[in-house]
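In order, the protein sequences belong to chains A and B. Heads up: the first sequence at position 246 corresponds to 246 in the UniProt record's numbering, and the numbers run straight through without jumps. Heads up: the second sequence at position 216 corresponds to 216 in the UniProt record's numbering, and the numbers run straight through without jumps.
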Amino acid sequence: MKLAPNPYNLIVAIKAGKMQALKTVLANIQADLENNSIFPFERIKSIHFARFVILPQPKGGVQYPDYLAFATNYDGDLDSHLLEIIRCPEAAIDQIFDCCEGYIHDNEQAQLQWFKENARLKAYYYRGTWGRKATRITYEESSRKVAEDHIDSLAGKDPSAKVLRQSIVQNAKATGFFNTYDDFQLPKPDWWLLPLAIPILLVVAIVCVIPLLILEMSDDKRQHSQKSSGSDQTKRFTEMEDRIVQNQLTHLVEIKPGWFRLMMLKLVLNGIAYLAKVIFNGGRLGGIPTIHYARWIIIDKGRRLLFFSNFDGSWERYLGDFVDKAALGLTAVWSNTKGFPKTRLLMLKGAKDEQRFKSWARAKQVYTNVWYSAYRDLTVTNIANNGQLQKGLTGELNKEEIENWLLGY
Amino acid sequence: MKAIDRKDIQGMLIYGYGRLSAACYLFLSLEDISAFRRWLKATTFQNGVSSPGEPSMNIAFTADGLRKLGLTVDEDHGFSRAFTEGMDTDHRNRILGDYGINASTKWVWGHRNHQELHGVLMLFARDKVALEQFYAEVASKFPENGIREVVTRIESFSLGGKEHFGFKDGVNQPVMQGLGWASDEQNFVNPGEFILGYPNNYDKQPHSPFLQNGQFNFGCNGSYMVFRQLEQDVPLFWKTLCDYFGGVEKGKKEAVILASKMVGRWPNGNPLTRSATEKITKRDLNNFSFYQDDRLGMQCPFGSHIRRMNPRDSLSDGGKKKELDEASRVANNHRILRRGRPYGIPLAENADIEAMLNALDLPPTGSRGLNFICFNTDIDRQFEFVQHTWANNRKFHNLYNDVDPIVGVQRSATDKNQIGHTQFEAQTSPVRKRYQDLPPFVRVKGGSYFFMPGLTAIDFLSKE
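Below is the structure:
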């Protein structure tokens, strides 16, 4: 079975004069995510999360082309996913993509080609949930709810654990919620690489120390001023936040100039993406249990770093978890970008400057024009727990296993 | 570490004023600034050198109040965004649960259009008589000093350490490093969590307002004060719980047990985690942990009030010391210093539960509740986090649909603008018990963010 869900990210220039039209179309979609007539997300079953973002220009300095970013976390293979979107009878996606360079709307093969050609940038990716289709996630949640109600109906009868399980299983069969799924095989670390990797990393570390220290001395003067997150801009973000169980973050920042910083960044991102695959694949990224899917993308030929994340709970909690549990890793990434709180040796200090870091994060946050979640009431841990509950409906369990399983309800 | 400058700090930040059992809260509008400045100069505000025994007062200002006094209150000057925007914004209504019956449009004070609210003056005295005398003396000088009370003051008299549902309150309180007070290790926080000008838990100076081109640390020895007036429906609370078990007569005992499960402590404050009965076996009611003592929540449910308000090690990834320590450390970044007091007449004398259960059907005797007051230096990371990520979070502790059974709110499934009924799960063997259809027992009547300046900063405000 292939790894799933996978990240798709289209980044494409917006046609001159089409900016306003595009903004309007996207606002209309956001106003009725599920059932709008342009991109009715509810109909596209292969999507877990999706977003449209018009990437803004930095304040002053270099200007970049105006881009539209469209990103999904999708099930199945990419062609089927894109064709599901292109062919969706209730949709009128041309209204969106006609605003973009090079889009031809009257030929399915040309469309497919265009969607793939403009999505070639690498996503350094993290999954909180592995190998579960969006449809399965919602099925398992319905199944749990049916079981919970059934348990309530037995209140006062005080059945033993064993009898209780039999009753839940029977009820699942009777209500059509008995399907279980194969467990997904998680990738394992390539331990044989270790003897090779350690000396290489050591050499890299030694070679990089001096240039890093020199670069960091000059960086310190340019760190983000702690007070300038921009209240009005922040207010625009918070107006969109905390409406459902999950929240999202789009974040865009310029990479510090020079090949050395870009090289460090790529090194770190490759490292994180690898660890995310083979170590942090149990629903926790460095101790953070709330991230559904996240990705970094280097855009503009190495000049800007784009970050998309879908997570449970509030922004404050998410950023707080970064600081409290994963400061090292994220400092290693963002210390290579402009304005980040001052760092030592790539990954020290930095995000530990908690208030300044949060202020910087807000200052570099980007407004997300459209954001969709296919299961807006479920956390990463809910999804994992539902999987365990579903699995426990079948098979022979001993007394202890049954007792443990029942704790999940 | 710099010693805590108790002489320059208003005393509420150090002491709860336990000897002064009567209090009242005056909501002020400043009508004549020069006159007010003179009054400010001539008035003594209690400092934190010792716990007072004589009538004392403290003062705090809203952002509008500081603006009225000529300050530029914005983020660029180092004020917290939450404070400058105020408690009543659309987004904060959402995360704090201020919609439906809690909507700010129904508040008595503090709502966003209440711009004439400039400050709150808090008076404390030994008893009702002393308080009334003190109030008369203080308020008599208001007219000549350009001060007007904008809403009726709230009076508060001690319930002997209880809140109105009948439970011992204020049992757990974080202790600042540097005061030299005894507490168990998990309970210490750095002073910068509650007082500006000192290192916070990240060993950083919390953001503080700087004035006069950044030369004067106006925030130093001050703090952000959160004030919410929370009305408690005591008859509804006890009736609802008794009804689960066949009414008051039949279900009394069970109702008290369920209420204790919801709170996480027995009515006398004894933590459920430690004891299956009300009998207190260890005098210290705080020296316990959740994960190590009750990992599965069988004694103190995951969703209970105290497990949310201070989860201690409860959210640990595992049982190793390193994991438990990290969980406690992270939880300690969200502590608040509580200084609330109950207001209104209890349903029965001393809020005695047995007596209240017999008084449920008597005619209503006025409103009652808690003047919730807390101090913090980072409203987003402390007060709002506790309210949003712990109290109002249906997903707390990997639950699915439980908010805090005492103070939490969630949206109605049928009408998104209303507060819905909630459920409460108590973990038991072999499977959880679920209590559904709990109505909200607490209602927000008013609220605002204030800034409580240090005495040097008050002196600064008293000058033109």
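Ideal placement from N, C-alpha and C gives every residue a C-beta, glycine not left out. Keep in mind it's a predicted model, so treat the numbers as computed, not measured.
Closer than 9 Å at the beta carbon, the chain A residues around B/D317: R284, G287 and P289
Give, in chain order, every residue of the stretch 5 to 27 of chain B whose Cβ lies closer than 8 Å to some Cβ of chain A. none
Have a look at A/K133, A/E141, A/V25 and A/E148 and flag the residue whose alpha-carbon is nearest the alpha-carbon of A/Q95. A/V25
Could you have a look at B/W109 and say whether DSSP puts it in helix, strand or coil? strand
C-beta atoms of B/L28 and B/L121 nearer than 8 Å: yes
Do the CB positions of B/G160 and B/N350 come within less than 8 Å of each other? yes
By the criterion of Cβ-Cβ separation under 9 Å, what are the contact partners of A/A161 in chain B? S429, P430 and V431
Taking Cβ positions, are residue 466 of chain B and B/S304 nearer each other than 8 Å? Since the displayed chain B opens at 1 and closes at 464, residue 466 of chain B lies outside it and no answer follows.
A/Y8 (DSSP reduced to helix, strand or coil): strand
Measuring alpha carbon to alpha carbon, tell me which residue in A/H150, A/D32 and A/A276 is nearest A/R127. A/A276
Comparing the C-beta of B/E75 with each C-beta of chain A, is any distance below 8 Å? By the rule that beta-carbons nearer than 8 Å mark a contact, B/E75 touches chain A.
Using a Cβ-Cβ distance under 8 Å, would B/N190 count as near chain A? B/N190 does not count as touching chain A.
Runs of 3 residues minimum, wholly inside the stretch 423 to 453 of chain B: which ones carry the beta strand (DSSP E) assignment? The qualifying runs are 433 to 438 and 442 to 452.
With a CB to CB cut of under 6 Å and the five nearest residues on each side skipped, what residues in its chain are close to A/I29? N36, I38, F39 and V370
Spatial neighbours of residue 492 of chain B within its chain, please: C-beta separation below 6 Å, excluding the five flanking residues on both sides. Only positions 1 to 464 of chain B appear in this structure, which leaves residue 492 of chain B out of reach.
Only counting the same chain, and skipping five residues up and downstream in sequence, which positions put a Cβ closer than 8 Å to that of A/P187? L3, K277, V278 and N281
Quick one: Cα of residue 447 of chain A to Cα of B/K282, how far? Since the displayed chain A opens at 1 and closes at 409, residue 447 of chain A lies outside it and no answer follows.
Using CA atoms only, rank isn't needed, just tell me which of A/K352, A/F308 and A/Q388 is closest to A/A50. Out of A/K352, A/F308 and A/Q388, A/F308 has the C-alpha closest to the C-alpha of A/A50.
Simplified DSSP assignment, three categories, for A/Y318: helix
Quick check on DSSP: helix, strand or coil for B/N47? strand
For B/L117 and B/S156, I'd like the C-alpha separation in whole angstroms. 20 Å
Output, in chain order, the set of chain A residues within a Cβ distance shorter than 8 Å of B/P206. Those are Q355, listed as they occur along chain A.
Does the stretch 187 to 196 of chain A come within contact of the stretch 237 to 250 of chain A, defined as at least 3 CB pairs closer than 8 Å? no
Starting from the Cα of B/L399, find the closest Cα among B/I9, B/L296, B/I101 and B/K252 and give me that residue. For the residues B/I9, B/L296, B/I101 and B/K252, the minimum Cα distance to B/L399 belongs to B/L296.
Can you check whether the C-beta of A/E400 is within less than 8 Å of a C-beta belonging to chain B? no
Chain A within 8 Å of B/L296, Cβ atoms only: yes
Within its chain, find whatever has a CB closer than 6 Å to the CB of B/D294; leave out the 5 residues flanking it on each side and keep chain order. T273 and C300
Taking any Cβ of chain A, which residues in the stretch 368 to 396 of chain B have a Cβ under 9 Å from it, in chain order? Of all residues in the stretch 368 to 396 of chain B, D378, D380, R381, E384, F385, H388, T389, N393, R394 and K395 have a Cβ within less than 9 Å of some Cβ in chain A.
Three-state secondary structure (DSSP) of A/M1: The predicted position of A/M1 is uncertain, since its pLDDT is 49 and thus under 50; no value can be drawn from it.
Taking B/I95 as the query, report the chain A residues whose CB atoms sit under 8 Å from its CB, ordered along the chain. D242 and S314
Where B/Y291 and B/K253 are concerned, what is the direct C-alpha to C-alpha distance, given to the nearest angstrom? 28 Å
Mind checking if B/V330 is an interface residue toward chain A, Cβ cutoff 8 Å exclusive? Yes, because at least one Cβ of chain A sits closer than 8 Å to the Cβ of B/V330.
Could you give the distance in angstroms between the alpha-carbon of B/P430 and the alpha-carbon of B/S316? 23 Å
Report the neighbours of B/T422 on chain A: residues whose CB is nearer than 7 Å to its CB, in chain order. Chain A residues near B/T422: none, gap ~15 Å exceeds 7 Å.
Counting Cβ pairs closer than 8 Å, one from the stretch 355 to 375 of chain B and one from the stretch 329 to 349 of chain A, do we hit at least three? no
When you compare the stretch 361 to 370 of chain A with the stretch 261 to 270 of chain A, are there three or more beta-carbon pairs, one atom per stretch, that lie closer than 8 Å? no
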